[in-house]
Structures are given as C-alpha cells and as structure tokens.
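A.B. asks: Below is one structure. I have some questions about it.
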Amino acid sequence: MRVSIRVTILAAFLLLTITAVTTLSVLNVTGSNEAMRVTAEDLIKRTADTTVERIAKDLGSAQKIA
Amino acid sequence: MIALLPAMLVDWRWPGELFTFLRAALDRDKDIYSAFIGFRDGGFVQALSYVDSQGDRRASDAVPDDAVEATRVAEDLLQEGARPQTWQYFDVKGAEIEAEENAGTTRSTYDPRSRSWYKAAQEWLSASYSDVYIFSSLRKPGITISAPMRNVEGAVAGVDIPLNHLTEFTRLNAPGEHGLIAIVQSDGQLIAYPDSRALFRPVDGALVVNKVDDLEDTRVKTAMRLAAERGRPSVRFRIGPEEYLAVVTSMQGLGAQSWKVVVVAALSDFSGPIRKSMKNSMIYTGLIMLVPIVVVLVLSNWIAAPVRAVRDQADRIRELELSERVSVRSPFTEIKSLETAMEGMRAALSTFLKYVPKDLVRRLVESGIGAEIGGTRQDVAVLFTDVESFTTLTEDMTPEAVLSQTSRYFDVMTSTIQSHNGVVDKFIGDAIMALWNAPSPDPNYVDNACRAALAALRASEDLNRAFEAQGEHPLRTRFGLHVGDALVGNVGSAERMQFTALGPNVNLASRIEGLNKYYGTQLLVSDAIRKQASPGFVFRQIDVVEAAGTTKSVAIHELVGMRDAGSPFAVPPATIEAINAYEVALKACLAREFEDALGLVEEVLMENPADHAALMLAERCNRYIAHPPPDDWDGVSYFSDK
C-alpha cells in the first residue's frame, strides 16, 4: 500500500491530536464526573441536614411552647 | 411552657388569665395557630389565630371579617348532649370585636379526652407528636404537639402547627432543577412535599393525607426502598434515562412514627453544565485544530511538491524528453540532493542520446524489449533511402558545408519518417534505413510506410528547392521499400548492441532502392508492398527483376501517389490512365508481344516523352524485335550489381 507524504503527515498529525484530545477529554470527563458525584452527594447530605435542623427548630420551638 | 402553668391559673371556669397566656404563645410563634388545654372533666380552652404564618386565612363563616384571633371555652360535659361554648374575637390590634355566648344555638360535642393528642400525653406522660392530619379549617396538613400539665392532674396542653412552612421549605430548597426534598412518616405518610397539591386527596368528603405510594413520582418511594434494602442512607438509582442520588435521613423522638427526610438529586443537574462545557470545549478544539491542519497541509505540500517535481522530471527522463531542465526548489537537503542527481542523469542521458536514435530507444522502452542480444522473426516494412551521386556532389564542398547540409537533410527525413510511425534504424553514410512494425507493433504499418515514403520524397523535393535557392546542390533522394519477415532484435555484443532488422527481405529493400538508378525512378517498392497496401495507393509496375545477391525474381513497382483527390499525394486521372497503358504495354512485352508492346508504350511516350521507364521499355521492345530472345526467356531482368 502506498500513500502520499502529505496524507501521511496529515494522518500522523490528526492521530496525535485526536489521541491527545481524547485522552485529555477522558481524564477531564472522569475527573469531572467524580467531582460532580462528590459535589452532588455533599449537597444532598447538607440539604438533608439542613432540613432536619429546620424541622427540629420548628417543632422544638412549638414543643417548648406546649 | 403552657404545661408548666401553676394550678391556680388553669381552670376553664375562669379562663381570663389563661387566655392571655395562650394568646401570648400564639404571638410568640407565628407558626402555631392554636394553643389549648383539655381538662379531665371534658372542659376545653383554646386560643387560635385566623391567619397563619403564610398569610392564609382560616375558613369559617361565623368569624367576623376583621378578626385575626379568637378564644374559645367549651364547658364540661355535665349536661346531656352538646354543651355550650363561648367565643371571643380580636382584631389586628388585639381589641375584642364581639363576645358571643351560644348556649342555646351553637353547642359543641367536642370532647378533648377522646382525642389522640390527649390520650398520647396521658399515656406517655411527656411531650407527644400526633400523626400528620389535615387541619380541616386550613385545608393544610399539620400536627399537634401535646404534653401533660405538670400542676393540674388530668389536664393536657397542646399546640397545633400546620406543616405548610415545611412544604414551602422543601419547594424552595430542592437540590437542583430536577431534585426534591420530601418529609415522610415512617409508615409512608407524606408530611411535606414540594407539590402541596399532592399531599392529600378528598375521600368521602374528607381530606386524607397521601402516602408515598400514592405519588405518581416514584423517586421518593424508590429512594426509601433502596435505602431500607441496602441499610445505608445514600443510594444511587436510575429512573428512565435519568440517574439520581438520594439520602434518606431518619428523625427519632417525634411520637410514635419516626420522620424521614428524603433528598433526591438528579445527576444531570450537576453533570449537565459539565457536559455542555465539554461539548463547547470539543467544538472550540475542532475549530482550533483547523489552524494546525492548514499548517500541516501547507507543510506537507512543502515537502511533497518538490518530490512530485522530481518524480515528474524522472518521468520526462524515462520518456527521453531531456531538453527541459526543471529546477526543484526545496529547503530540504535530501530533496535538493535528489534533484541534483536527477539533473546529472538528465544531462548524461541527453548527451548519450545524441548518438542513438532517441525515438527507437523510446519505443524499445515502451515495448518492454530488454537490452539483451537476440531477436524474433516478424513482418516489418523496411525503407532504404540514398542520395543520388552524393560523393560527386560533395567533392567540391568543405566538410563543414557537407555536415551542415546533410544535417538539415537528415533532420527533415528523420522527422518525416517518425511522424508516420516509422523508426530510423541507422544512418549509413548518406543513406537511411527505417523500419515499421518494430519494435512496437503497428496494424497499418504498410500504409504508414508508403505514406512516409511519399512524404519523405515530397519533403526532399521541397528541401532541394530551398537548397537551390541558397545556391547549394539539391540532394535527390531515391527510395526502396519492401515488406517481409525479418529477424528483429538486438544484435552486436553484450557491451554494445544495436536494435535492427536482418534477413533477405532487408537486403531486398536495399537492392530495390538501388534499382531506381537503373530505371530512372525515385520510389520503388516491392510487389509485396503493392499487394499489402490499401487500394488508395497508386502503383506502376516497372519490371520483374532478380536483384543482385538474390535468387528469386520479384515484380517491382513505382509508388506514384494516392487516388484520393484530397490527398497531398493525389495522382491526376490522366497520369493514372498513362500508368494503366504502360502496365498493359509491359504485360505485352513480358508475353513476347513486343510489337504490340512497342505500340502501346510509344503512346505513353507521346504523352510524357521524359518517362524514363517508358523509354527503357520501348528500347527493350525494339531490341527484342530486332533480336528476339531465346525460347526459355522468362522476361526477368537480372542484375549482378548492387
């Protein structure tokens, strides 16, 4: 099989670039997904805690009055 | 606080101080809309607010429009059936609006001792939380917190708290666009949910609090189920295409039922912006890549273009087109070295080809014949040319003049032959040997050879006129053309070889050329040429001869031109008639009818007295009339000189 110099250079460049971009993207996506998961878990835990605190506060106040 | 009131204040029969205290409790916490005490004898005192913390007004037809608070006393159950109850209403400034004692008209059957809040406080002897139920006047879910009075036996204090503020809290604090918060009793009954309309439903005219299972949205139920199954508060699940994270937190100590806070978040709410950012990044990356792609294309073309130029130069060298020098511009050392080497090869080949027939070499390359000694037998047309009296003509010329004139002559002859698909095999002094149908095959090689001979004859005549105009001797050329099989190939030694044709037919072509001198013609061809040429050519048979060095007699013909009037070699009809008459005379002569032949040929000579062949035939007839040939005469003219 014979290919031209131009095609070879272009293919090499595209291969390198696509490999680099894909690797960076995969790393980025993986990191982003993990960060997103941690963020989401942290947020819902804090939301749950806040909700519990709000309930305790509201009902605690009423209980004191009672 | 209410439960700690001293006994002296806690009596429904004298509720003045008690109401003051209960109303103060309402003012202290706007989320409480009712504070009350139930007594062991069934008495009941209550202070309540008509406007909750969200500004919603309690529904009641009997309440004055400007009332914001009220107090109520329900007496004991000493009387039969319903008992009287007394209401007082207060405006926004706390002033009493109206006092109504409805002893005869409105009577209440309400018995605090039958209520769950009363029973729970009495049973647990501590603060108790009711299950969630619908406050019918508010049409909102709520709970009652109750506690036994410390200083009054059998009395229970309590407050009513609508839970709509928790629903509002869940609506406002949901994590993400597709997340939610729900507060649920352990039995699944909803306490707070972002969509307040989903909290309850009417059943038989009453409102019933929904359970998780009643929701169309399955996220809360799924989260609770998975958390229970897995024994951990955090769970991850997928519903349809969406993936969710959830936390289920339990709250204890709120009565018989524990509460669960369920927080659900859709991962897409968090990953969506990241994915959008990634998508944008990929688009920008693609756009940015366009720039280096263009650069790479330019760079690769920078490398490839000189290589292509060198390749083109090599192709031209292979085609033996060596006249043009192509300079390859490239910054790369290797390519420049290649171009230099290619140019050296071009120059060397250019010099070399001055000594070999370039056209022949090109055709040899095209035909794929290797440079090896050997050949094959094949039919070829062979043309010999010779300049009449060349030696005599050039005796008085300087060598430079001879070289100059012959160079012009050979240029014209060579180009004419090559333009008719012929190959100049060799130059032999002032003679030329040319081939057709070798080395590359030519299906029309006989016709091409005839046309080439006619064209060369015409070209030599034109050239001679130019020579004469310049004061130079004309170079009258004679042509001999024959076709037949020959050994065609490379002859010579391994060190130096020549492509040529060998054999009797090649020799015969040369001998036929020599016969022009005898018959006074310029273009003689063999009988084989006449038979194989297309009918468009005009021939005149000259004689039947046995040439020197041959053993077979052949008819020889003069190639006169072509019948087509549009051809540059067109023969006039009168000439064709003269040719026919001549050939009839020749035929009569060969049949020993010499007197008839003489008569016919003399008619030809009357038309063209300078016809040398006709003069010779007439002289021949006269000779045989005077001295008839022997009986074994075959009409063949024998030649011993080449």
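Respectively, the protein sequence lines represent chains G and D.
Going by our numbering, the first sequence opens with residue 25, and the numbers climb by one from there.
Going by our numbering, the second sequence opens with residue 494, and the numbers climb by one from there.
We put the CB at the ideal spot given by N, CA and C, even for glycine.
So, are the CB atoms of residue 651 of chain D and residue 531 of chain D less than 9 angstroms apart?
C.D. replies: Closer than 9 angstroms, so yes.
A.B. asks: Quick test of your reading: residue 567 of chain D and residue 601 of chain D, contact by CB under 8 angstroms. State the CB separation rounded to the nearest angstrom.
C.D. replies: The Cβ separation is near 5 angstroms, so the contact holds.
A.B. asks: Going along the chain, which unbroken runs of the beta strand (DSSP E) with 3 or more residues stay wholly within the stretch 577-640 of chain D?
C.D. replies: Whole beta strand (DSSP E) segments, 3+ residues: 589-594, 626-628.
A.B. asks: Taking residue 1001 of chain D as the reference, give the member of D:983, D:1029, D:972, D:1028 with the closest Cα.
C.D. replies: It is D:972.
A.B. asks: Which term fits residue 1018 of chain D, buried or exposed, when burial requires 16 or more other beta carbons within 10 angstroms of its beta carbon?
C.D. replies: When all chains shown are included, residue 1018 of chain D counts as buried.
A.B. asks: Nearest-angstrom Cα distance between residue 805 of chain D and residue 1011 of chain D?
C.D. replies: Residue 805 of chain D and residue 1011 of chain D: Cα-Cα distance of roughly 53 angstroms.
A.B. asks: Taking only the alpha-carbon atoms, compute the straight-line gap between residue 968 of chain D and residue 909 of chain D and give it to the nearest angstrom.
C.D. replies: In a straight line, the C-alpha of residue 968 of chain D is about 16 angstroms away from that of residue 909 of chain D.
A.B. asks: With respect to 8 angstroms, is the separation between the Cβ of residue 582 of chain D and the closest non-hydrogen atom of the ligand GTP below this value?
C.D. replies: In the structure shown, the ligand GTP is absent, as is every other ligand, since no ligand is present at all.
A.B. asks: Which residues bound the alpha helix (DSSP H) around residue 735 of chain D?
C.D. replies: Looking at the DSSP string, residue 735 of chain D is not in any alpha helix (DSSP H); the run it does join, the beta strand (DSSP E), is 735-744.
A.B. asks: Considering Cα atoms alone, identify which of D:853, D:738, D:961 is closest to residue 757 of chain D.
C.D. replies: Closest option to residue 757 of chain D, Cα to Cα, is D:738.
A.B. asks: Which residue marks the beginning of the beta strand (DSSP E) containing residue 955 of chain D, and which one marks its end?
C.D. replies: Here residue 955 of chain D belongs to no beta strand (DSSP E); instead the alpha helix (DSSP H) covers 938-962.
A.B. asks: Per DSSP, what are the beta-bridge partners of residue 975 of chain D in this structure?
C.D. replies: In DSSP, residue 975 of chain D forms a bridge with D:875.
A.B. asks: When the distance is taken between beta carbons, is residue 980 of chain D closer than 9 angstroms to residue 870 of chain D?
C.D. replies: Yes, the Cβ-Cβ distance between residue 870 of chain D and residue 980 of chain D is below 9 angstroms.
A.B. asks: Check distances from the C-beta atoms of the stretch 718-735 of chain D to those of chain G and list, in chain order, the residues that come in under 7 angstroms.
C.D. replies: Listed in sequence order: 727.
A.B. asks: Taking only the alpha-carbon atoms, compute the straight-line gap between residue 43 of chain G and residue 794 of chain D and give it to the nearest angstrom.
C.D. replies: Answer to the nearest angstrom: the Cα atoms are 24 angstroms apart.
A.B. asks: Tell me the residue span of the beta strand (DSSP E) that contains residue 556 of chain D.
C.D. replies: It is not in any beta strand (DSSP E) - residue 556 of chain D carries neither H nor E in the DSSP assignment.
A.B. asks: Would you check if the distance between the CB atom of residue 691 of chain D and the CB atom of residue 659 of chain D is smaller than 9 angstroms?
C.D. replies: No. Outside cutoff.
A.B. asks: Among D:932, D:937, D:904, D:1084, which one has its Cα closest to the Cα of residue 923 of chain D?
C.D. replies: Closest option to residue 923 of chain D, Cα to Cα, is D:904.
A.B. asks: Taking DSSP's pairing of strands, which residues face residue 527 of chain D in a bridge?
C.D. replies: Residue 527 of chain D is bridged to D:541, D:653.
A.B. asks: Against chain G, does residue 669 of chain D count as a neighbour if the rule is that its beta carbon must be under 9 angstroms from one of theirs?
C.D. replies: Chain G, which has a Cβ nearer than 9 angstroms to the Cβ of residue 669 of chain D, makes this yes.
A.B. asks: Using a Cβ cut-off of 9 angstroms (strictly closer), state whether residue 78 of chain G contacts chain D.
C.D. replies: Cβ-Cβ to chain D under 9 angstroms: yes for residue 78 of chain G.
A.B. asks: Since residue 1076 of chain D and residue 1034 of chain D are thought to touch, with beta carbons under 8 angstroms apart, how far apart are those beta carbons, to the nearest angstrom?
C.D. replies: The pair is a contact, with the Cβ atoms about 5 angstroms apart (cut-off 8 angstroms).
A.B. asks: Taking beta-carbon pairs under 8 angstroms, can you tell me which members of the stretch 64-90 of chain G lie near chain D?
C.D. replies: Result list: 64, 65, 67, 68, 69, 71, 72, 73, 74, 75, 76, 78, 79, 80, 82, 83, 85, 86, 87, 88, 89, 90.
A.B. asks: Rounded to the nearest angstrom, what separates residue 1004 of chain D and residue 976 of chain D at their Cα positions?
C.D. replies: Each residue's Cα considered, the two are about 13 angstroms apart.
A.B. asks: With 9 angstroms as the threshold, decide whether the Cβ of residue 785 of chain D is near any Cβ in chain G.
C.D. replies: Closer than 9 angstroms: yes.
A.B. asks: CA-CA distance, residue 1043 of chain D and residue 1032 of chain D?
C.D. replies: Answer to the nearest angstrom: the Cα atoms are 23 angstroms apart.
A.B. asks: Taking the alpha-carbon of residue 54 of chain G as reference, which of D:764, D:873, D:950, D:907 has the nearest alpha-carbon?
C.D. replies: Closest by alpha carbon: D:764.
A.B. asks: At 7 angstroms on the CB atoms, spell out the chain G contacts of residue 512 of chain D, in chain order.
C.D. replies: Those do not exist, as residue 512 of chain D stays about 15 angstroms from chain G at its closest Cβ, beyond 7 angstroms.
A.B. asks: What residues of chain G sit near residue 638 of chain D, judged by a beta carbon separation below 9 angstroms?
C.D. replies: By Cβ distance, chain G contributes 83, 86, 87, 89, 90.
A.B. asks: Residue 565 of chain D and residue 588 of chain D: beta carbons closer than 9 angstroms?
C.D. replies: Taking 9 angstroms as the Cβ cut-off, residue 565 of chain D and residue 588 of chain D do not qualify as a contacting pair.
A.B. asks: Quick check on the DSSP output: the beta strand (DSSP E) that includes residue 688 of chain D runs from which residue to which?
C.D. replies: Counting along the chain, residue 688 of chain D falls outside any beta strand (DSSP E), and DSSP gives it neither H nor E.
A.B. asks: Mind the definition here: the stretch 653-669 of chain D touches the stretch 617-636 of chain D only if three or more C-beta pairs lie below 8 angstroms; say whether that holds.
C.D. replies: The stretch 653-669 of chain D, when compared against the stretch 617-636 of chain D, does touch it at the 8 angstroms Cβ threshold.
A.B. asks: What does residue 659 of chain D pair with, by DSSP beta-bridge criteria?
C.D. replies: The partner list for residue 659 of chain D (beta bridge, DSSP) is empty, contrary to what the question assumes.
A.B. asks: Taking DSSP as the reference, what is the three-state secondary structure of residue 970 of chain D?
C.D. replies: Here residue 970 of chain D sits in strand by DSSP.
A.B. asks: Can you tell me whether residue 847 of chain D is helix, strand or coil according to DSSP?
C.D. replies: In the structure shown, residue 847 of chain D sits in coil (DSSP, three-state: anything other than H, G, I, E or B).
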